[in-house]
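*Asks:*
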Amino acid sequence: MKKSLLCFICLVITLYVQSQENPSHRSLKIQLPVASLNKLADPNEIEIPLIEKDSVLNIKSTLNIKEDHWNTIVYNPYKDYAPDYPFKIFFEDSVYASPILKEKVITSRYGWRRGRPHKGIDIDLVTGDSVVSMLDGIVRFARYSGGHGKTVVVRHYNGLETTYAHLSRIGVKANDSVSKGQYLGKGGNTGNSRGSHLHLVTSFKGEYIHPEYLFEITEDNKVRSKELWVTRKWTRTRYHNSRRLTKLALYETEEEARKSLIKQTKVYIVREGDTLSRISRRHNITIASICKTNSIRKSSTLRIGQKLILKL
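Have a look at this one:
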C-alpha cells in the first residue's frame with residue numbers, strides 16, 4: 083500500500099510539472115493504481131482542477147517595490163527621474179485607513195501658500211495622537227527630514243508613496259512591512275511647523291500628487307477610483323489654492339486624461355477692482371502665463387472692460 087501511495091505522489095508531481103509547461107491545461111487526469119479504485123465512483127481516473135497562476139496572484143506578489151530607487155536615508159530618491167504624462171495609478175482597495183483615528187479636519191490644502199508650494203495637506207491633530215498607514219506597504223524612510231521633522235514614508239504595492247510628517251515619535255523602522263491601519267508613530271509638531279498637525283504627502287516616483295485627487299478625505303475613507311490617470315494639473319501646486327479644494331475632474335481612462343491636456347481658452351473681461359494677481363488666483367493660472375498670452379507686463383495697468391485671453 084505504501085508503495086502505491088508513493089507512486090501516486092510521484093505521478094501527481096510529474097503531471098503538475100507538465101501542466102506548468104503547458105498553460106493550456108485546465109486540469110490533471112490521473113490514472114490510479116488498481117488497489118486505490120475500490121472506493122472511487124469512477125474506476126478509470128480522477129480529475130484534479132488546476133488554478134491558473136494569474137487568478138491567484140495580486141499586485142503584492144508580482145511587484146517587487148524595493149527594486150526601483152529604494153533608498154532608506156534619502157527622502158526623495160527620484161530626483162533623477164522624469165515621468166511621462168499622463169501616468170496611471172491602480173488601487174486594489176476601494177477604501178483606505180484614515181491616517182488619524184478621529185475626524186479628519188483639513189487645515190491647509192495642496193497648492194500655492196504664502197508664496198510657496200505646499201505639497202501635501204495638513205490634518206489637525208493633538209501631539210501624541212496615533213498615526214497609521216493608509217494602505218499596505220513597506221516603510222522606505224523613517225527618520226528626521228529637515229522641514230518635515232520626524233517623518234515616515236511608506237511605499238505601497240502600486241508604487242504610490244505616502245508621507246507622514248511632523249511626528250513627535252516614530253514607531254517603525256525602514257524595511258518594516260506594514261498593513262493598512264497599522265501604527266506608524268505619534269503626531270506632533272517637529273520640523274518647520276506652526277502647530278501640531280499631520281502633514282500628509284502622496285507621491286508617485288517622486289512626483290507629488292494632490293492627495294484629494296486620489297482619496298476622499300471624509301469619514302467614508304474612499305479611494306476615488308480603482309484606476310486613476312494623473313496629469314500635470316494634479317502634480318503642480320501652482321494650479322491649486324491651499325485655502326480651497328480644486329474642482330475635481332477624475333480621469334479614469336487614458337483617453338480622458340489625454341483630452342484634458344488640450345488647453346481651453348477663455349476670454350475674460352476685466353472688472354472693477356481686478357488685478358493680475360486676483361485674476362491669477364481666481365482661475366488657477368500664473369501671472370506669467372496671462373502676461374505671455376496677452377503680450378503685457380506684470381506692471382501693466384488693467385482697464386475696466388479690457389479683454390484678456392486665459393489659457394486654462
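All the letters of the sequence shown, read from the start, carry residue numbers 83 to 394 under this note's numbering.
We put the CB at the ideal spot given by N, CA and C, even for glycine.
On the premise that tyrosine 192 lies in contact with histidine 279, defined as a C-beta separation below 8 Å, what is that separation, rounded to the nearest angstrom?
*Replies:* No, histidine 279 and tyrosine 192 are not in contact; Cβ-Cβ is about 14 Å, not under 8 Å.
*Asks:* When you compare only the Cα positions, how much space is there between glycine 269 and isoleucine 147?
*Replies:* 27 Å
*Asks:* Report the three-state DSSP secondary structure of glutamate 134 (helix, strand or coil).
*Replies:* For glutamate 134, the predicted structure reports a pLDDT of 42, less than 50, and the residue's modelled location is therefore unreliable. The matter cannot be settled from this model.
*Asks:* Within 10 angstroms of its Cβ, does arginine 353 collect 16 or more other Cβ (buried), or is it exposed?
*Replies:* So arginine 353 counts as exposed.
*Asks:* Counting along the chain, where does the beta strand (DSSP E) carrying threonine 296 start and finish?
*Replies:* One point to set straight first is that residue 296 is leucine, not threonine, in the sequence displayed. From DSSP, leucine 296 is part of no beta strand (DSSP E) but of the alpha helix (DSSP H) over 293 to 296.
*Asks:* Where DSSP assigns a beta bridge to proline 165, which residues make up the other side?
*Replies:* Partner(s): none; proline 165 has no beta bridge.
*Asks:* For serine 250, which residues in the same chain have their Cβ closer than 6 Å to its Cβ, ignoring the five residues on either side in sequence?
*Replies:* Thr209, Lys268 and Gly270
*Asks:* Check whether the Cβ atoms of valine 214 and alanine 179 lie closer than 7 Å to each other.
*Replies:* yes
*Asks:* Leaving out five residues before and five after lysine 287 in sequence, what residues of the same chain have Cβ atoms less than 7 Å from its Cβ?
*Replies:* Tyr160, Tyr163, Pro165 and Gly241
*Asks:* Using the three-state DSSP reduction, which class does glutamate 334 fall into: helix, strand or coil?
*Replies:* coil
*Asks:* So serine 307 is in the alpha helix (DSSP H); what residue range does that whole segment cover?
*Replies:* Unbroken run through serine 307: none, as it is neither H nor E.
*Asks:* Are leucine 358 and isoleucine 351 close, meaning C-beta to C-beta below 7 Å?
*Replies:* Contact check for leucine 358 against isoleucine 351 fails: the beta carbons are separated by 7 Å or more.
*Asks:* Would you call asparagine 158 buried or exposed, if buried means 16 or more other Cβ atoms sit within 10 Å of its Cβ?
*Replies:* buried
*Asks:* Span of the beta strand (DSSP E) holding lysine 184?
*Replies:* Element bounds for lysine 184: n/a, residue is neither H nor E.
*Asks:* What does the alpha-carbon distance come out to for the pair lysine 393 and histidine 365?
*Replies:* 10 Å
*Asks:* Rounding to the nearest angstrom, what Cα-Cα distance links alanine 339 and serine 307 in this structure?
*Replies:* About 14 Å.
*Asks:* Answer yes or no: do lysine 315 and threonine 272 have a C-beta to C-beta separation smaller than 7 Å?
*Replies:* no
*Asks:* Near alanine 123, what residues of its chain come up, given a Cβ to Cβ distance below 7 Å and the 5 sequence neighbours on each side ignored?
*Replies:* Caution is warranted here: a pLDDT of 42 is assigned to alanine 123, below 50, making its placement in the model unreliable, and the coordinate value is therefore given only provisionally. Answer for alanine 123: no residue qualifies.
*Asks:* Quick one: grab the DSSP three-state call for serine 324.
*Replies:* coil
*Asks:* Counting along the chain, where does the beta strand (DSSP E) carrying arginine 237 start and finish?
*Replies:* Where arginine 237 is concerned, the enclosing beta strand (DSSP E) stretches over 232 to 238.
*Asks:* Return the residue from the list Ile171, Thr383 and His281 that minimises the CA-CA distance to histidine 200.
*Replies:* The residue with the shortest Cα to Cα distance from histidine 200 is His281.
*Asks:* Between the C-alpha atoms of isoleucine 386 and tyrosine 321, what's the straight-line distance to the nearest angstrom?
*Replies:* 26 Å
*Asks:* Considering only residues of the same chain and omitting the five flanking positions on each side of tyrosine 333, which have a CB-CB separation below 8 Å?
*Replies:* Once the five neighbours on either side are set aside, the close Cβ partners of tyrosine 333 are Pro168, Leu310, Trp311, Val312, Thr313, Ala339 and Ser342.
*Asks:* Flag this pair as yes or no: are the beta carbons of tryptophan 194 and threonine 375 separated by less than 7 Å?
*Replies:* Going by C-beta atoms, tryptophan 194 is not nearer than 7 Å to threonine 375.
*Asks:* If you draw a straight line from the C-alpha of lysine 389 to the C-alpha of isoleucine 188, how long is it?
*Replies:* 37 Å
*Asks:* By a C-beta neighbour count over all protein chains shown, 10 Å radius and 16 as the cutoff for buried, is aspartate 150 buried or exposed?
*Replies:* exposed
*Asks:* Taking arginine 225 as the reference, which of Gly219, Asp218 and Val236 has the closest Cα?
*Replies:* Val236
*Asks:* Using alpha carbons as the reference points, say which of Met216, Leu327 and Val221 lies closest to phenylalanine 173.
*Replies:* Met216
*Asks:* Can you tell me where the alpha helix (DSSP H) holding histidine 151 begins and where it ends?
*Replies:* It is not in any alpha helix (DSSP H) - histidine 151 carries neither H nor E in the DSSP assignment.
*Asks:* Can you pull the DSSP bridge partners for glutamate 354?
*Replies:* Glutamate 354 pairs with nothing; no bridge assigned.
*Asks:* Report all residues from its chain with a CB closer than 7 Å to the CB of aspartate 206; omit the five preceding and five following residues, and keep chain order.
*Replies:* Val187, Thr189 and His279
*Asks:* Does the Cβ of tyrosine 265 have 16 or more other Cβ atoms within 10 Å, making it buried, or fewer, making it exposed?
*Replies:* exposed
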